[in-house]
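To start, the structure under review is shown below, and the notes come after it.
Residue numbers (full-length UniProt numbering), protein chains in the order written: chain A, 1 to 359; chain B, 1 to 356.
In structure tokens:
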């Protein structure tokens, strides 16, 4: 009997506490100390290009995962921009890059009244509800690197256009093999949307008259797995003895391919390029295995995300296609369809500039 | 509520120590009684810790004591709270189920695949629950029929079910569930910030609590955890009890999987990855002994909420996620070390008593 009574009392007490906490509320952004005048944001209303950017904007970065070198560099770009704007920078995020792991961080940021939330979504849909709630509470949501469902954010900062990435990689391989010979692709997975779009564009470009002496002989998939990519690279060189060059538009594939190439007889004979990060590729550029490769500049990506978010929070833009805004040292940008903003052509890394980058 | 009341040994013994005839047994009983009250404080202390941390967070952490935040907090701990209910029963019988988060993930993957195949959700949801009960039954059969330790069995099925989830859905996500379902999953009670799911959890918790603390079934679970051999001789089938508990655990984990998928609007094989650690942490923190036979449901609910409150408050206070993981880990270690130390103390005292 005593058992049951005590159980009932405890349950009632717990329920009471939660109800009290739930009922005493209603404190949302703007109720108390208003942090920054972002009244006219949220995609509706008129854009005022001359609006002042408030000096106290709270701009928060929520990467896919903390302690990931790529996002550490991207968020540092964001911090640089926020300092220029005189705002308040913050970086929060989960320790694991899971689909739903970002949701409670988004909720926390919207509860704290962040004016701008800049995030790279682990899953385009899992974050959707939380992002929309944050927007209803008055935050401007900018995605960068990895978009959410476009319905759930104001702006998306794209790394680069697919055309830009494809053209740059084709130019690099053409130059490195002297404009003629057999080339092959080492991609990630057969169903990776990005990769397939780039491969298609690159094949199209290589099919034009300008590159008529270059022949695409094979496409293999390393599944973004280091060992599989390594083996696929080995296989490519054995199957195609006349291969002049390999393009790997994935950072894992490029690094694994370079590792194989650097210790094989083909080093210096077969050209290798693609998309990679300077830290992964540094030793292979230094030892001559790889001449040039490309990637967007993540620092600039974060920097642009912060400027875009601040511009919308200030009411300079509303996210409509065709509106333009200033992004500090990067100059002027125009909003494309669906609120997308492309960072620009990819950055090419070679022995001259690779020392300037650390990511 | 105290399990010491429910154990066969305790319930057959005369309750009030002062009626004991002999001095020696009185000394033993009073030592036992004071230790019992010490252990009983284990649940009261965890509930106290919860109330203190809510109060402290409300005073110190800006933005904590709002209805909106309470709503976020409840949704954050929903899956953990659901799975912790059957887990409490499983751990009380001296077993453990580490495959729950993988069951959740596999359910989510299957749910996505069935939705892609064109089945209506009204059919998918019961199918998912059946799947969960089958996954639980497999664990249960391996533990009871094959006689394997549940720790080993469910570490295996944890890996296997997660692997199957990837076989079913790969690294894709299915996200085009109708809003009437996804929005419904996170809907609040009219006029409040309280998610309706909190009501469901409260009802389920009341049912689980009533069964565990006020029925012969509940007493049997404590008996199984305290002394399986003796329980078997008293006519209770230890095997069937455990088998059904694993089925229950799988079914509830599948239900949590359905809810998770709708809550985040995304069916994925990696959903709730490593969530079993949070569940076990909450259950142990709530006063359930990892060795079985001891624990109570209100303590577990307080444990779930305490973990949620601490995480939520630290996040609002801008404490890094690495520190959050460390705090969760420390609480888990403490929740195992503290009761074990208390048990050591308890064993030592009666032995010290007779000579004096």
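We put the CB at the ideal spot given by N, CA and C, even for glycine.
Inter-residue Cα distance where the pair is residue i and residue j
i, j, result
"residue 29(A)", "residue 115(B)", "A caution first: residue 29(A) carries a pLDDT of 36, below 50, which makes its placement in the model unreliable, though a value can still be read off. Computed Cα separation, rounded: 38 Å."
"residue 54(B)", "residue 297(B)", "20 Å"
"residue 80(A)", "residue 287(B)", "48 Å"
"residue 74(A)", "residue 346(A)", "15 Å"
"residue 332(B)", "residue 282(B)", "8 Å"
"residue 182(B)", "residue 125(A)", "11 Å"
"residue 96(B)", "residue 150(B)", "6 Å"
"residue 340(A)", "residue 250(A)", "23 Å"
"residue 192(B)", "residue 185(B)", "15 Å"
"residue 153(B)", "residue 142(B)", "7 Å"
"residue 172(A)", "residue 108(B)", "44 Å"
"residue 138(A)", "residue 149(A)", "19 Å"
"residue 159(A)", "residue 318(A)", "21 Å"
"residue 47(B)", "residue 284(B)", "13 Å"
"residue 213(A)", "residue 199(A)", "18 Å"
"residue 34(A)", "residue 130(A)", "Below a pLDDT of 50, predicted positions are generally treated as unreliable, and residue 34(A), at 38, falls in that range; the measurement from the model is reported next regardless. Between residue 34(A) and residue 130(A), the C-alpha separation is close to 22 Å."
"residue 170(A)", "residue 268(B)", "35 Å"
"residue 295(B)", "residue 76(A)", "48 Å"
Which of helix, strand or coil DSSP assigns to residue i
i, result
"residue 177(B)", "coil"
"residue 87(A)", "coil"
"residue 218(A)", "strand"
"residue 241(B)", "helix"
"residue 294(B)", "coil"
"residue 266(B)", "coil"
"residue 295(A)", "strand"
"residue 188(B)", "strand"
"residue 387(A)", "Outside the displayed range of chain A (1 to 359) lies residue 387(A), so it cannot be described from this structure."
"residue 45(B)", "helix"
"residue 262(A)", "helix"
"residue 71(A)", "helix"
"residue 317(A)", "coil"
"residue 232(B)", "helix"
"residue 299(B)", "helix"
"residue 101(B)", "helix"
"residue 284(A)", "helix"
"residue 322(B)", "helix"
"residue 352(A)", "coil"
"residue 256(A)", "helix"
"residue 99(A)", "coil"
"residue 357(A)", "coil"
"residue 172(B)", "coil"
"residue 224(B)", "helix"
Bridge partners - residue i, DSSP secondary structure assignment
i, result
"residue 340(A)", "156(A)"
"residue 243(A)", "182(A)"
"residue 117(A)", "60(A) and 141(A)"
"residue 333(A)", "325(A)"
"residue 187(A)", "221(A)"
Partners in chain B for residue i, counting only beta-carbon separations shorter than 7 Å
i, result
"residue 128(A)", "265"
"residue 287(A)", "Within 7 Å Cβ-Cβ: nothing; residue 287(A) doesn't reach chain B, min ~34 Å."
"residue 112(A)", "63 and 316"
"residue 364(A)", "The structure shown does not extend to residue 364(A), since chain A is modelled only from 1 to 359, so the question has no answer here."
Neighbour list for residue i in chain B, Cβ cutoff strictly below 8 Å
i, result
"residue 176(A)", "Residues of chain B passing the Cβ test: none, with the nearest at roughly 33 Å."
"residue 90(A)", "318"
"residue 94(A)", "321"
"residue 56(A)", "Simply none; closest approach about 16 Å."
Beta-carbon neighbours of residue i, restricted to chain A and to distances below 7 Å
i, result
"residue 186(B)", "129"
Span of the beta strand (DSSP E) around residue i
i, result
"residue 349(A)", "347-349"
"residue 273(A)", "271-274"
"residue 266(A)", "It is not in any beta strand (DSSP E) - residue 266(A) carries neither H nor E in the DSSP assignment."
"residue 201(B)", "Looking at the DSSP string, residue 201(B) is not in any beta strand (DSSP E); the run it does join, the alpha helix (DSSP H), is 196-214."
Chain-ordered neighbours of residue i on chain A, where CB pairs are closer than 9 Å
i, result
"residue 271(B)", "98, 99, 100 and 126"
"residue 268(B)", "98, 99, 100, 123 and 126"
Span of the alpha helix (DSSP H) around residue i
i, result
"residue 59(A)", "No alpha helix (DSSP H) holds residue 59(A); the beta strand (DSSP E) holding it covers 58-62."
"residue 72(B)", "67-92"
"residue 278(B)", "275-285"
"residue 161(B)", "150-169"
"residue 175(A)", "162-176"
"residue 193(A)", "193-206"
"residue 61(B)", "Run containing residue 61(B): none; DSSP gives neither H nor E here."
"residue 123(B)", "121-144"
"residue 134(A)", "128-136"
Chain B residues whose Cβ lies nearer than 9 Å to that of residue i
i, result
"residue 105(A)", "315 and 321"
"residue 66(A)", "320, 321 and 322"
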